[in-house]
Each structure stands twice: as structure tokens, then as C-alpha cells.
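Participant: First residue of the sequence shown? That's 127 in this note's numbering, and the numbers climb one at a time after it. Have a look at this one before I ask anything.
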Amino acid sequence: MYSEKVMDHFSNPRNVGEIENASGVGTVGNAKCGDIMRMYLDIDDNGIIQDCKFKTFGCGAAVATSSMATELVKGKTVQEALQVTNKAVMNALDGLPAVKVHCSLLAEEAIHAALWDYAEKNGIQIEGLQKPKSDIHEDEEVVEEY
127 MYSEKVMDHF
137 SNPRNVGEIE
147 NASGVGTVGN
157 AKCGDIMRMY
167 LDIDDNGIIQ
177 DCKFKTFGCG
187 AAVATSSMAT
197 ELVKGKTVQE
207 ALQVTNKAVM
217 NALDGLPAVK
227 VHCSLLAEEA
237 IHAALWDYAE
247 KNGIQIEGLQ
257 KPKSDIHEDE
267 EVVEEY
């Protein structure tokens, strides 16, 4: 059901925790399943993400996607981090079951929410960044389980 990479990132999550005085913090959730993800970014004066941490309350897939998302944005520019999609997170984890795709959407939105917070704190606009959704179920396809 889950790939080895998903199980590894769930069992040994990378970058768990908080960043004190973070450059940007984003919190998103999924009202239907109860997952909540908070992403912390430490961005230097050149717009490079020096550190990224997360705290997630949710299922194993939510923890794994959070962990992978932090790995994908660390060391990247703000603009490169903005390009990390839920599909990139899923591909890096060698896939997710259809009923867990919303976890990768949550990871993408958490990155965007943290970037939005960073932009607001610094009075800047990040080209291509739109105000993040608070509940990732808005616009999401619902996958029913029987």
C-alpha cells in the first residue's frame, strides 16, 4: 500500500520541530480528515531557504509528505520552493494511495502558506504566489472509500 520511501519518512521523519523567529510560518489543515500541518521557513537575505521544519498532526502519509516537502525546499530559492507541487512530493515518495493524495496537497499548501507569511512580514510580493487556502478541501476532488 505505501512505498518504502513513505514508510521511511513516516518512521524517520526529517526536519521535525519549530524554528524560533522563523522567516515564514504557514499552517493549513484538512477539515474532513483532521490533518493539520505547520511549516517553518528560515530564509536568508538572498531569498534562499536555509532551514525548514514542520509539525504535523495527522496520519502517516501526512507526516511523510511533510517530511519530504521540507527536504524538497531546503536550500532552494523562494521561487524554486514555490514550484514544489503536490505531484513533486508524491513522486519523491514513489507515490501515494489515491485516498492519501490530499496529504500531498496539504504539504504544497503549507509551503505556500509559509511563503505567504514571509512575503507579508517583509512587505514583498512573490511572483506566482496566491493567498493560500486554510482548508485544502476547497477545490479538491473527493475520493470516496467504500
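Yeah, the Cβ is synthetic: ideal placement off N, Cα and C, and Gly gets one too.
Around the Cβ of Glu-235, are there at least 16 other Cβ atoms within 10 angstroms (buried) or fewer (exposed)?
Facilitator: Classification for Glu-235: buried.
Participant: Would Glu-271 be called buried (16 or more neighbouring beta carbons within 10 Å of its own) or exposed?
Facilitator: Legend: pLDDT at Glu-271 = 34, less than 50; position of this residue unreliable, value from coordinates given subsequently. Burial call: exposed.
Participant: Could you have a look at Met-165 and say whether DSSP puts it in helix, strand or coil?
Facilitator: Met-165 falls in the strand class under three-state DSSP.
Participant: Check each candidate in Ser-129, Ala-233, Lys-226 and name the one with the smallest Cα separation from Ser-260.
Facilitator: It is Ala-233 whose Cα lies nearest to the Cα of Ser-260.
Participant: Relative to the C-alpha of Gly-184, which candidate in Gly-173, Ala-157, Thr-196, Ala-218 has its C-alpha closest?
Facilitator: That would be Ala-157, whose Cα lies nearest to the Cα of Gly-184.
Participant: Would you kindly report the start and end of the unbroken beta strand (DSSP E) that includes Gly-150?
Facilitator: First-last of the beta strand (DSSP E) with Gly-150: 150-155.
Participant: Roughly how many angstroms lie between the CA atoms of Asn-147 and Ala-245, to the nearest whole one?
Facilitator: Their Cα atoms are separated by approximately 15 Å.
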